[in-house]
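>
Protein chains in written order, with my numbering: chain V, 5 to 503; chain U, 210 to 1245; chain D, 90 to 579.
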């Protein structure tokens, strides 16, 4: 090989690296610009936003495809490039630096192309779909942040950088679930999804630590060099698996997925049908060389995936709204992908991911067509659609049929269990809080109000010009007693002058 | 629990349920007034009652009216005129105070008055200038007066805080009582800020959705035998969420109890006396109005969901009340309060609203009236002012704004109609003069106007006559057709064209009722395969059978694609090969038009589009035996003649038949649109009206029918052929039925008509495009046609068309009254020829009785969906999620949303329908006297009525007090062609006279529009933007 | 600091003079503001003073003393000359924090709602920040001790007569006693005792569990602005850094601090999430996030110390911003609760957006400064003590949920169905211009430093290694010198 050829190869590598990076930087830049415009109070008009989004999605799609073409021409050699250091702190022998770089291999490039293609397509879809919608600006800003975050997850060279993208995906996802923020449901479900994300993110952060501890680096190519011991691999892999369960809606975290279908249809499609839901699978694929040595872990992955697939299928078939049905179908398919990953069939998993993402996106985008589809089918059939589900009625004995149906309808009771768990946690924190207040009480030697503290906090700040809020007269007929000593008291309405 | 109690309960439930939404499952969406149960009371009162009882909004928000006032859409003169009518007298309400009318007028015209409640008032006062300087809107004399008063206090900035304190004290004494609902949940929400319903609803909605599911779930709920009993069975055992752990025990305790008994038990637990049942039950029923309404609809009309077992509201209540009780006590327990009883409490006894909002209102009223603190402190004066201010609350203000808003539109409409009539008369006189100079007069005078007469010489029949639906979407289509081809006459009749039938399409799975929703058709019409009705009447051809079999197999296969959603194994296989679906995904998303053309080519195997399997309608009935379902198999000759004669007589087409009479039904093709049925023909109950047009043409072409018609005096020449057609209002495509039967003699005329109609479609598409935010106002006509076609197949298009969004007025009269008038697609146009009517107006009565209710249903549905998207409309369609094939939810597990979505109503100006009848007030009054249903609608003012005299250029409007003559305020502008008037405009436009379509020989007459509209365009644009995005209010 | 620095010519006394000047300016500002006729004029005077003071503070930070400084200032106590140089001046540790405190005062003054911010309140804020500056900028232990004792007085006055005031007073009197005693002990007795006393006093001031009880009640009862200034200036954390950097703890003490820190983080996070009232939740959030500083400092390594200083600044700015956003929302709407549905996102989108962003910035949204701070602390801790990392990660996860919950539950979710109905506004417009500026500046600084943190990491130290080497070594040396002096005296 001549030096000239080497030079070309290096520059092609660099081009791929920069193209991959541009898929992060372009949306991030657009997001920053749009956000800045919003902050200074000069929010973009719809047309500007549309133009920017259109340009952005076109550019990212081109970047993704070009990178893929170059990568193919190069013969599929992984490209690892470190751009530099974000920040560092050192002294007294210790050194901590945060490096920024990309690692592009076949897996990440497939994801990258998928991301650019779907983000571009769904972006184009959304430009028409959200035309004139209140909050279209927010939608596209969140989409930009999401695209940037997911691209970063895909191309990041180190687990630390991947975590940054992972967080951005979580935040943008929660914001899009709560897109219709004036209603209660989206807000509640966004909080639920975000809580699950955060719990799983903690695991990712922990896995990062384990890796750093074991290999002295979070850079993936460097870590790949030195295989982990089986125990560390199991620990690391377990944490990564846990982190991926949330985003990919695997058991026991599959409950949030149907609830996330609160935003505009295209956001549901791209997040919960296509890209976000496969992020967990990607994380596993990306880190596979590190944990593959641990057989127990692989068995666990297969089991979780299989269980999710089974329950998803059962549950999905009892759902009566189209988006919940699609959500469980997606969750089940991702379960299968987990099984494939656990079995080591990485290429199959990758093909499955691509196929599933595309099919599901189209299905979700067409979800509002269900009624018309049924009518058209009936027209073609010339009669009403035959009743489905007879299979279950035949196979399952009557005695447990009701129970099984409710099991499916209530989503395997996961929500029920979660509600019990949350209630228990709430009770625990409340007890702690009461204890805490008693500490204040002890310190101040004044009786503090037990319980929830309505009395303690009911007062609202009032300015010097204000008077107490409308007198809260006791209502006739509503006798509500405080718990505890059983002393009857009206609802406490103390008003304090606090400013 | 006695029989007596149960019956009483049933009555109470029925009474409480009468305000629930009455929307049918979405596939059978029919436009109706969502508050139609209130139609028995006058509109204004009904609006207040609905607002109070259901908590719905019944007018636009004040900001919208104030913006209209700023932009000139609403004029101060309208407010004056409205106040004259409903504003009360102007006697001083107390010594030293102005009169009520003066106060109200000043309040309504003060568009900058800030509004706030509670803490917001404190913030406004502390951060803004309200307590430092006099508002800018105060006129100079009052300002001087206030400054003089302020001197005593040492300056304005000292007096104003003092004044506000006085107002605060007054307001505290006069604050209106606070309303908290009667449910325990309402009181808990009020006091704790936590909503127990948030716990109940997920479980309840899931159960309802599963029970009512019409086929989304692959595995439907087993053993559906009633909501209550299935609920008992399903929840009798097994884990429950934290708030409902005791549910299985509760259910165990009530085992064997019927739903009615359970409801009675719950009512007794809460201590609700039987007299208060109906009132109290409104609360729990309206907690989830959509679902409860659907249960109620299915209880009353089980035929809407034929496969569903009995569905009863009492079952729903039994579940609801039980769950409500569990959730409320759980929330209270968690909050550390003990709920000792579930009793009903008198509403908010002694409790008052936060007075600060009222204080602010009072403060600005005092300033506008030039009153200082000293004046207000005078006892009777302050109290009187406070009472007046309290009485003039938001809904009262909005009611007046609304009347004024409607008045401005009405004045413009009547001005335009009268101005047009005058101009036409003048022109006619001029023409007659000129013609007299040359030859004999061209007009027979009876048909009035200029239709057809110009080109063909004396009394020459026109090239073609086109009969359309009255739908306001056809207004522009008809106008463009007439502009393009002056030799065409158009008529309007309800889109079912008198053929009220049960239609059994060849490929339709079930029969459709193509008639207004309140009619039960007695006849059925079948579509049969084959070339000739007579020959191959009943035997399906072998080809048809094969087709059906193939279709069946395909459908069963597809079923899994669409419904079972490829969950596991099959899904895995599909997904593995799923990369291929990138092609349709990208194509359909990015290039919907191309994808559609490809799909059409692949469907028809490359043949020209529109090639359909030849079928015929089986219209004529041979025997009088009704079939199993009680329908007659077609119409007898007499019945057909009756239908055709009735329609032709009504629209005034009884002579001068052209060679081609096109009967155009309409419908709409959209994709990805759960509300597709709402886009169809309203007169056909939300179905495409093509078959009606087709059947009508078949009848009118039958020699037997024509013979009978001739006997009635309607002679249809044998050269005349009726052709049924179907207009797709979304894609602006026309399809012709049985056009192979057009005789050779009419071929040429038919071809010419077809060309004209096709061009009119293109122009119509062009005009429609001006409204679409993503189409851009300037584009070529051909491109527009492509654009609207792409819209109709675009998955990403939430606004395939604007549907009835622009409806506002209905004109019943000769087309000559409106021909050549640009009505901006806002008018239902029903043809009615008063000169053919009898002295008592029986024809008019029939037309009115058919048009007014249909028009009012559409209009009021739009009205309420627009003014309250949250409760009466279904919000933006973007997050809609089809559930159970019966309706849509917002995202995951919300209430079933009823009404229209935001995308169809965003450009709607909510106004009651103004029906303008070409008749005399006296005749209309007599008709109303005769027809109680019409009278109720008109007298309670759910539609507004005006007349325009057939012979003179005067108009009357039916005020509350009776008919009043309309005073013309402005002349109608004139423009060369429709396009010149609308091009480049997105907003509603003023009506204008279009001189094209009669003046090709006089090109010099083209004029630039003398004025657009009184309101500024920017203002209107701002209005639309504002309506979509709440404005950021500036602080004063 | 390179030789091209334009200030170099003005002389070595400039740093101490600027330090002193910044403090005096703020103190004078307090006096002027207290006399203002209205809140408006008080605000503008306060801002003017703050700007001046900020300029001086930045100057002081740039001209940080080149002489080595004893962390406890013990050398100065024995010094004969009480010149400007010996009394005032910043070093590597205090240089980033000194201007930060002035900035906090400025931004609170700018955003404080007119309705709640009387001239008296603003004056007390100025006074409190001036006293906090003394703690940071003074070198003389006596000054530090006096200012430490005094700095809680303005806040105590705000709380006067309200429930929780007593707890506050009890805690801070004890804390002041410990610190005074500690500083005294450093002079006369063993450094170990001094360290223990100081650390104890500081832990009370920082509201570390189990000395946290006053924090939520302060947030709940006091005007939010003064609560924010008092708790987010984190004078205690600064002093702790001083103490720990100067005399690293033994392993058992580190272990104890770790335990306290981890407990505080988890306990605060758990309780914050369970609160129905937003102010108390904010208080617990503050408690929880403060512990990051503690964890960063506990191991005594330079990276942890860097992270801790960054955490003081980033968490301080972000949480002050969040608190201010909630304060101005309270001014518009009254008490805010987290257990019901919110409202107003349509009417006040920028306010809602600011709340969300600043909230996420508190918990280390990537791209903001807190991410960098947490990353550093995290790495510093984890190398040696992974279980601390688990606690920290868990607490941060919970806090993340909390801030999203705050933003959504306050502003969103109140309507069933669509939002297009004509709902009457409760009143209260979106961000006013000055609020917009305040939140904009906070957000901009968090993002700027978050994206390019290296500059802040190097403030006051040309070589990052210096922070530890410089302060620590010099402290040891001076302590030795001091001991020698004491011996000599005897």
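Backbone N, C-alpha and C define an ideal beta-carbon position, used for all residues, glycine too.
Between residue 110 of chain V and residue 286 of chain V, what straight-line distance do the alpha-carbon atoms span, to the nearest angstrom?
Taking the first chain and counting its residues from 1, the one referred to as residue 110 of chain V is at position 106. Taking the first chain and counting its residues from 1, the one referred to as residue 286 of chain V is at position 282. Between residue 110 of chain V and residue 286 of chain V, the C-alpha separation is close to 12 Å.
> Taking C-beta pairs closer than 8 Å, name the residues in chain U that residue 254 of chain V reaches, listed in chain order.
Residue numbering aside, residue 254 of chain V sits at position 250 when the first chain is read from its first letter. Within chain U, no residue comes near residue 254 of chain V; the closest Cβ sits about 15 Å away, beyond 8 Å.
> Output, in sequence order along the chain, the residues in the segment 269 to 290 of chain V whose CB is closer than 7 Å to any CB in chain U.
Listed by position, the residues of the segment 269 to 290 of chain V near chain U (Cβ gap below 7 Å) are 269.
> Residue 331 of chain U touches chain D at which residues, Cβ-Cβ below 8 Å?
Within the second chain, numbered from 1, the residue matching residue 331 of chain U stands at position 122. Those are 204 and 420, listed as they occur along chain D.
> Can you give me the Cβ contacts of residue 603 of chain U inside the same chain, cut-off strictly under 8 Å, excluding the 5 residues immediately before and after it?
Here residue 603 of chain U corresponds to residue number 394 of the second chain, with the count starting at 1. Within the same chain, residue 603 of chain U has close Cβ partners 271.
> Taking 8 Å as the CB-CB limit, is residue 1098 of chain U close to chain V?
For the purposes of this step, residue 1098 of chain U is taken as residue 889 along the second chain, with counting starting at 1. Interface residue, yes.
> Return the first residue and the last residue of the beta strand (DSSP E) that residue 735 of chain U is part of.
Here residue 735 of chain U refers to the residue found at position 526 of the second chain. Residue 735 of chain U -> beta strand (DSSP E) spans 732 to 738.
> Rounded to whole angstroms, what's the CA-CA distance from residue 412 of chain D to residue 972 of chain U? Just pull it up for me.
For the purposes of this step, residue 412 of chain D is taken as the residue at position 323 of the third chain. For the purposes of this step, residue 972 of chain U is taken as the residue at position 763 of the second chain. Approximately 59 Å, taken between the alpha carbons.
> CA-CA distance, residue 1064 of chain U and residue 1054 of chain U?
As a first step, residue 1064 of chain U must be located in the second chain, where it is residue number 855. As a first step, residue 1054 of chain U must be located in the second chain, where it is residue number 845. Straight-line Cα distance between these residues: approximately 15 Å.
> Of all the CB atoms in chain V, is at least one closer than 8 Å to the CB of residue 143 of chain D?
The residue you call residue 143 of chain D lines up with position 54 of the third chain. No, because no Cβ of chain V sits closer than 8 Å to the Cβ of residue 143 of chain D.
> Return the chain-ordered list of same chain residues with a C-beta closer than 7 Å to the C-beta of residue 275 of chain U, the five sequence neighbours on each side being excluded.
Here residue 275 of chain U refers to the residue found at position 66 when the second chain is read from its first residue. Correct list, in chain order: 320.
> Applying the 10 Å Cβ sphere with the 16-neighbour rule, what's the burial state of residue 177 of chain D?
In the third chain, counting from the first residue as 1, residue 177 of chain D sits at position 88. Buried.
> Excluding the 5 residues preceding and the 5 following residue 707 of chain U in the sequence, name in chain order all residues of the same chain whose CB lies nearer than 6 Å to its CB.
As a first step, residue 707 of chain U must be located in the second chain, where it is residue number 498. Correct list, in chain order: 852, 855 and 856.
> Between the segment 175 to 186 of chain V and chain U, which residues of the former have a C-beta closer than 8 Å to a C-beta of the latter?
Of all residues in the segment 175 to 186 of chain V, 183 and 184 have a Cβ within less than 8 Å of some Cβ in chain U.
> Which stretch, first to last residue, makes up the alpha helix (DSSP H) that contains residue 1091 of chain U?
Locating residue 1091 of chain U in the second chain gives position 882, where the first residue counts as 1. Here residue 1091 of chain U belongs to no alpha helix (DSSP H); instead the beta strand (DSSP E) covers 1089 to 1092.
> For the pair the segment 229 to 243 of chain U and the segment 354 to 374 of chain U, tell me if three or more CB-CB distances fall below 8 Å.
Cβ pair count under 8 Å is below three, so no.
> Residue 481 of chain D and residue 467 of chain D - do their beta-carbons sit closer together than 8 Å?
Position 378 of the third chain, counting from 1, holds the residue named residue 467 of chain D. Position 392 of the third chain, counting from 1, holds the residue named residue 481 of chain D. In contact: residue 467 of chain D and residue 481 of chain D (Cβ atoms closer than 8 Å).
> For residue 404 of chain U, go through chain D and note every residue whose CB falls closer than 8 Å to its CB, in chain order.
Translated into the one-based positions of the second chain, residue 404 of chain U becomes position 195. Residues of chain D passing the Cβ test: 429 and 430.
> Any idea what DSSP makes of residue 434 of chain V, helix, strand or coil?
Looking up residue 434 of chain V in the first chain gives position 430. Reduced to three states, the DSSP call for residue 434 of chain V is helix.
> Do residue 138 of chain D and residue 118 of chain D count as a contact pair if the criterion is CB distance below 8 Å?
The sequence position of residue 118 of chain D within the third chain is 29, counting from 1. The sequence position of residue 138 of chain D within the third chain is 49, counting from 1. Result yes, Cβ atoms of residue 118 of chain D and residue 138 of chain D sit closer than 8 Å.
> Could you give the first and the last residue of the continuous beta strand (DSSP E) run that contains residue 827 of chain U?
Along the second chain, read from residue 1 onward, the residue named residue 827 of chain U stands at position 618. 824 to 827 is the extent of the beta strand (DSSP E) around residue 827 of chain U.
> For residue 265 of chain V, which of helix, strand or coil comes out of DSSP?
One-based indexing of the first chain puts residue 265 of chain V at position 261. DSSP places residue 265 of chain V in coil when its eight states are reduced to three.
> I'd like to confirm the pairing. Which residues does DSSP put opposite residue 931 of chain U in its beta bridges?
Locating residue 931 of chain U in the second chain gives position 722, counting from the first residue. U:870, per the DSSP bridge assignment.
> Spell out whether any CB of chain V is found under 8 Å from the CB atom of residue 1012 of chain U.
Within the second chain, the letter at position 803 stands for residue 1012 of chain U. Chain V, which has no Cβ nearer than 8 Å to the Cβ of residue 1012 of chain U, makes this no.
> Alpha carbon to alpha carbon, how far is residue 195 of chain V from residue 1075 of chain U? Give it in angstroms, no decimals.
Translated into the one-based positions of the second chain, residue 1075 of chain U becomes position 866. Translated into the one-based positions of the first chain, residue 195 of chain V becomes position 191. Taking the straight line joining both Cα atoms gives about 31 Å.
> When we look at the beta-carbon of residue 386 of chain U and count the other beta-carbons within 10 Å, is it buried (16 or more) or exposed?
By one-based count along the second chain, residue 386 of chain U stands at place 177. Exposed.
> Between residue 442 of chain U and chain V, is any beta-carbon pair separated by less than 8 Å?
The residue you call residue 442 of chain U lines up with position 233 of the second chain. Cβ-Cβ to chain V under 8 Å: yes for residue 442 of chain U.
> Do residue 877 of chain U and residue 937 of chain U have their C-beta atoms within less than 8 Å of each other?
The count along the second chain starts at 1 and reaches residue 877 of chain U at position 668. The count along the second chain starts at 1 and reaches residue 937 of chain U at position 728. Yes.
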